[in-house]
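Worksheet: the structure to be examined is printed underneath.
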Amino acid sequence: MPQITKLKKTIKPKKKTATPKKKKVKIVKTETVEKKKNEVRKRKDFISAIGRRKRAIARVRYYQKGENEIIINSQPLDKYFPHFELNKIVKEPINLTKVANTGKFSIKVLGGGKRGQAESIRLGISRIILLIDNSIKPLLKSKKLLVRDSRVKERKKYGLRKARRAPQWQKR
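Per my numbering, the sequence shown runs over residues 95 to 266.
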């Protein structure tokens with residue numbers, strides 16, 4: 095009869111992994127400098143408001159110290175809006191209230207067309223006049239100068255020619 099020999103598996107002892115060396119941590123003392131409580135802050139010498147219409151956004155600033163002028167994107171009002179109707183739209187809240195007659199309006203406007211820009215400027219100026227004198231609110235509200243016109247262009251949908259215009263359909 096053949097002899098059956100058993101094979102023994104030798105188990106190698108596991109190597110001990112090296113423990114990570116501890117890093118020396120240096121403690122550095124820092125001095126805290128206290129801020130002065132009575133720091134002088136630069137005061138804004140203007141009142142600002144934002145007006146929007148369609149894609150146009152107007153950032154309007156009103157400086158009480160200054161000449162009676164309206165500057166839009168570094169250009170005078172008559173040069174930026176040469177058309178009388180747009181000029182009239184921008185000046186409407188000023189002519190109606192006579193509050194901000196002495197001062198300088200500095201306006202940055204971007205986006206949209208000329209009409210949308212003019213109407214966004216009108217809303218911004220109306221909001222500034224409201225901040226100057228709150229008692230004029232009923233007058234501005236009655237002329238609808240404080241209302242943001244929320245009508246904007248509707249997006250085009252896929253499968254259609256425009257926002258709602260469907261392609262021509264044939265029965266036969």
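All C-beta atoms, glycine included, are put in the ideal place defined by N, C-alpha and C.
Owing to the predicted nature of the structure, the values given are computational and were not obtained by experimental measurement.
Could you tell me the distance, in whole angstroms, from the CA atom of residue 261 to the CA atom of residue 148? 27 angstroms
Distance between residue 254 and residue 230 (C-alpha atoms, nearest Å): 47 angstroms
Assumed close pair residue 153, residue 202 - CB separation to whole angstroms, cut-off 8 angstroms: 5 angstroms
Tell me whether residue 258 sits in a helix, a strand or coil according to DSSP, three-state version. coil
What first and last residue would you give for the alpha helix (DSSP H) that runs through residue 218? 208 to 226
Can you list, in chain order, the residues of its chain with a C-beta nearer than 8 angstroms to that of residue 160? Leave out the 5 residues immediately preceding and following it. 197 and 198
Just the C-alpha distance for residue 162 and residue 122, rounded to the nearest angstrom, thanks. 59 angstroms
How many Å lie between residue 195 and residue 146 at the Cα? 23 angstroms
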